[in-house]
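Asks: Following this message is one structure expressed as structure tokens.
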Amino acid sequence: MSKVPQTEQDLKKQLQDQLDLLVVLADSYDVGKSVIAKSIATAVRVLVYDTQKSHSLLGQLGMKTRKFYDTSLSEKNDVPTDIIRSGSFCGLVGITVGAKQTFVPYLDDVPAQIFGYVEFDEYWNRIIFIDQHHNSFTRKNIILAVANQDGGAHVDPKIEERYKQLSRENSLGWKISLDGKIWEDSQGSELAAVRQIGHEILRTLMPKYPHKKMVTFGGGVVMGGMSWWIGKPKEVTKKIILHRKKSKVGRNEKCPCGSGLKYKKCHGK
Numbered sequence: 082m083s084k085v086p087q088t089e090q091d092l093k094k095q096l097q098d099q100l101d102l103l104v105v106l107a108d109s110y111d112v113g114k115s116v117i118a119k120s121i122a123t124a125v126r127v128l129v130y131d132t133q134k135s136h137s138l139l140g141q142l143g144m145k146t147r148k149f150y151d152t153s154l155s156e157k158n159d160v161p162t163d164i165i166r167s168g169s170f171c172g173l174v175g176i177t178v179g180a181k182q183t184f185v186p187y188l189d190d191v192p193a194q195i196f197g198y199v200e201f202d203e204y205w206n207r208i209i210f211i212d213q214h215h216n217s218f219t220r221k222n223i224i225l226a227v228a229n230q231d232g233g234a235h236v237d238p239k240i241e242e243r244y245k246q247l248s249r250e251n252s253l254g255w256k257i258s259l260d261g262k263i264w265e266d267s268q269g270s271e272l273a274a275v276r277q278i279g280h281e282i283l284r285t286l287m288p289k290y291p292h293k294k295m296v297t298f299g300g301g302v303v304m305g306g307m308s309w310w311i312g313k314p315k316e317v318t319k320k321i322i323l324h325r326k327k328s329k330v331g332r333n334e335k336c337p338c339g340s341g342l343k344y345k346k347c348h349g350k
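Under my numbering, the first residue of the sequence shown carries the number 82, and numbering increases by one thereafter.
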């Protein structure tokens with residue numbers, strides 16, 4: 082059957098539809114429906130992913146040449162080359178500790194307000210996770226794994242092993258305890274990262290998109306990040322163990338989210 086090209090007006094309407102969809106999906110995630118991240122991954126793929134046989138919507142509109150909003154922490158952190166990593170790294174997400182213990186996207190509560198705009202290739206291929214097995218994951222890796230293999234647009238009979246370790250086996254190694262006795266694996270890192278990527282895309286394409294605070298589901302937040310060892314240790318640390326302090330944050334103290342604001346004016350509202 083013959084096909085006819087879509088007009089530029091058609092494509093612009095498609096773009097607005099995709100952005101409207103992404104906003105609805107993002108809002109659904111933020112009220113606790115984390116599985117929505119699978120649909121967010123598919124929407125992001127439609128917008129930015131090009132292959133020899135398929136063309137991204139932004140590519141068709143000539144919009145991938147613009148710079149993309151980047152909220153990721155650096156996995157390198159400008160350290161000397163003789164320093165090696167111990168444990169894992171999370172560049173887009175933190176962990177909430179409370180009634181619900183899970184990975185959460187930073188949204189606009191980026192630690193130390195570290196963010197900027199970068200070219201698409203740098204944005205798409207920047208490392209956002211390094212797990213305990215030294216596997217690294219880019220935005221591209223996460224979006225395509227969730228969308229193409231893990232239920233976004235398709236469910237593959239087999240999934241990539243390192244993605245399975247990340248999404249099912251807590252290969253980041255982060256555990257949380259509320260009492261120092263029972264430790265629980267933190268789950269949902271890939272879904273939280275997808276939500277953050279969706280937020281970055283909305284920030285890139287919708288300058289008036291409203292400011293979004295990190296959703297903590299009623300708990301405190303332990304920020305993601307990295308740890309370093311100087312030289313090569315005999316044994317690399319197997320896990321990064323996180324513990325929630327029982328002491329409360331004073332209302333006039335700095336908010337633990339890293340915003341620099343007093344707790345009463347930030348997450349203590």
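Here a beta-carbon is modelled for each residue, glycine too, at the ideal position from N, C-alpha and C.
1) Here's the rule I'm using: 16 or more other beta-carbon atoms within 10 Å means buried, otherwise exposed. How should residue 287 be labelled?
2) Going by alpha carbons, who is nearest to residue 170 out of 99, 215, 134?
3) What does the Cβ neighbour count give for residue 212, buried or exposed, with the cut at 16 atoms within 10 Å?
4) Starting from the C-beta of residue 140, find all residues in its chain whose C-beta is less than 7 angstroms away, skip the five residues before and the five after it, and write them out in chain order.
5) Can you check DSSP and say which residues form a bridge with residue 218?
6) Determine the closest residue to residue 106 out of 95, 97, 119, with distance taken between C-alpha atoms.
7) Roughly how far, in whole angstroms, is the beta-carbon of residue 279 from the beta-carbon of residue 121, given that I think they are within contact range, below 8 angstroms?
8) Could you give the distance in angstroms between the alpha-carbon of residue 345 and the alpha-carbon of residue 114?
9) Could you give the first and the last residue of the continuous alpha helix (DSSP H) run that contains residue 120?
10) Report the option in 272, 250, 264 whose CA atom is closest to the CA atom of residue 233.
11) So for residue 240, helix, strand or coil by DSSP?
12) Can you give the Cα-Cα distance for residue 150 and residue 100, rounded to whole angstroms?
13) Rounded to the nearest angstrom, what separates residue 343 and residue 298 at their Cα positions?
14) How do the stretch 134-148 and the stretch 230-247 stand: do at least 3 beta-carbon pairs fall below 8 angstroms, yes or no?
15) What's the call for residue 285, buried or exposed, on a 16-neighbour Cβ count within 10 Å?
16) Between 300, 275, 296, 294, which lies nearest to residue 103 when the distance is taken from Cα to Cα?
17) By the DSSP assignment, the alpha helix (DSSP H) with residue 258 in it spans what residues?
18) The alpha helix (DSSP H) spanning residue 278 covers which residue range?
19) Can you list, in chain order, the residues of its chain whose CB lies under 6 angstroms from that of residue 250, leaving out five sequence neighbours each side?
20) Can the beta-carbon of residue 172 be found closer than 7 angstroms to that of residue 195?
21) Let me know the secondary structure DSSP gives residue 198 once reduced to three states.
22) Where does residue 223 sit, in a helix, a strand or coil, going by DSSP?
23) Within a Cβ cutoff of 7 angstroms, which residues of the same chain sit near residue 95, ignoring the five residues on either side of it in sequence?
24) DSSP three-state label for residue 140, please.
25) Where residue 188 and residue 283 are concerned, what is the direct C-alpha to C-alpha distance, given to the nearest angstrom?
26) Can you give the Cα-Cα distance for residue 219 and residue 88, rounded to whole angstroms?
27) Skipping 5 residues on each side, what residues in its chain have a beta carbon closer than 7 angstroms to that of residue 125?
28) In chain order, what residues of the same chain lie with their CB nearer than 7 angstroms to the CB of residue 86, ignoring the 5 residues before and after it?
29) Can you give the Cα-Cα distance for residue 191 and residue 226, rounded to whole angstroms?
Replies: Looking at the coordinates:
1) As a first step, residue 287 must be located in the sequence shown, where it is residue number 206. With fewer than 16 other Cβ atoms within 10 Å, it is exposed.
2) For the purposes of this step, residue 170 is identified with residue 89 of the sequence shown, where counting begins at 1. Answer by Cα proximity: 215.
3) Taking the first residue of the sequence shown as position 1, residue 212 is located at position 131. Answer is buried; the Cβ neighbour count reaches 16.
4) Mapped onto the sequence shown, residue 140 falls at position 59. So the list reads 131, once near-sequence residues are dropped.
5) Here residue 218 is taken as the residue at index 137 of the sequence shown, counted from 1. Partner residues in the beta bridge of residue 218, as assigned by DSSP, are 210.
6) Along the sequence shown, read from residue 1 onward, the residue named residue 106 stands at position 25. Closest in C-alpha terms to residue 106, from the list 95, 97, 119, comes 119.
7) As a position in the sequence shown, residue 279 is number 198, starting the count at 1. As a position in the sequence shown, residue 121 is number 40, starting the count at 1. Indeed, because the Cβ distance is near 4 angstroms, the residues count as touching under 8 angstroms.
8) Reading the sequence shown from its first residue, position 264 is the one you call residue 345. Reading the sequence shown from its first residue, position 33 is the one you call residue 114. Cα to Cα, the separation comes out at about 28 angstroms.
9) Reading the sequence shown from its first residue, position 39 is the one you call residue 120. Run containing residue 120: 118-129, per the alpha helix (DSSP H) assignment.
10) Indexing the sequence shown from 1 puts residue 233 at position 152. Checked all of 272, 250, 264; the closest Cα to residue 233 is 272.
11) Along the sequence shown, read from residue 1 onward, the residue named residue 240 stands at position 159. Of the three classes helix, strand and coil, the one that applies to residue 240 here is coil, per DSSP.
12) Stepping through the sequence shown from its first residue, residue 150 is reached at position 69. Stepping through the sequence shown from its first residue, residue 100 is reached at position 19. In a straight line, the C-alpha of residue 150 is about 15 angstroms away from that of residue 100.
13) For the purposes of this step, residue 343 is identified with residue 262 of the sequence shown, where counting begins at 1. For the purposes of this step, residue 298 is identified with residue 217 of the sequence shown, where counting begins at 1. Rounded to the nearest whole angstrom, the C-alpha separation of residue 343 and residue 298 is 20 angstroms.
14) In short, these stretches do not touch, since the Cβ pair count stays below three.
15) As a first step, residue 285 is located in the sequence shown; it is residue number 204 there, counting from the start. Under this definition residue 285 is a buried residue.
16) Within the sequence shown, residue 103 is the residue found at index 22, counting from 1. Comparing Cα positions, the closest option is 275.
17) By one-based count along the sequence shown, residue 258 stands at place 177. Following the DSSP letters along the chain, one finds residue 258 in no alpha helix (DSSP H) but inside the beta strand (DSSP E) bounded by residues 255-258.
18) Position 197 of the sequence shown, counted from the first residue, corresponds to residue 278. If you look at residue 278, you'll find it in the alpha helix (DSSP H) that goes 270-286.
19) In the sequence shown, the residue the question calls residue 250 occupies position 169. Nothing listed; no residue qualifies.
20) Taking the first residue of the sequence shown as position 1, residue 172 is located at position 91. Taking the first residue of the sequence shown as position 1, residue 195 is located at position 114. No; because the gap between Cβ atoms is not below 7 angstroms, this pair is not in contact.
21) Here residue 198 refers to the residue found at position 117 of the sequence shown. Residue 198 falls in the strand class under three-state DSSP.
22) Residue numbering aside, residue 223 sits at position 142 when the sequence shown is read from its first letter. Three-state result, residue 223: helix.
23) As a position in the sequence shown, residue 95 is number 14, starting the count at 1. Beyond the five residues adjoining it in sequence on each side, residue 95 comes within less than 7 angstroms, by CB distance, of 138 in the same chain, given in chain order.
24) As a first step, residue 140 must be located in the sequence shown, where it is residue number 59. Residue state, collapsed to three classes: helix.
25) Taking the first residue of the sequence shown as 1, we reach residue 188 at position 107. Taking the first residue of the sequence shown as 1, we reach residue 283 at position 202. Taking C-alpha positions only, residue 188 is separated from residue 283 by approximately 11 angstroms.
26) By 1-based counting over the sequence shown, the position of residue 219 is 138. By 1-based counting over the sequence shown, the position of residue 88 is 7. Each residue's Cα considered, the two are about 33 angstroms apart.
27) Residue 125 sits at position 44 when you count from the first residue of the sequence shown. Cβ neighbours of residue 125 beyond the five flanking positions: 224, 278, 279, 282.
28) Position 5 of the sequence shown, counting from 1, holds the residue named residue 86. Closer than 7 angstroms at the Cβ level, and outside the excluded window around residue 86, lies no residue.
29) Within the sequence shown, numbered from 1, the residue matching residue 191 stands at position 110. Within the sequence shown, numbered from 1, the residue matching residue 226 stands at position 145. As the crow flies, the alpha-carbon of residue 191 is around 25 angstroms from that of residue 226.
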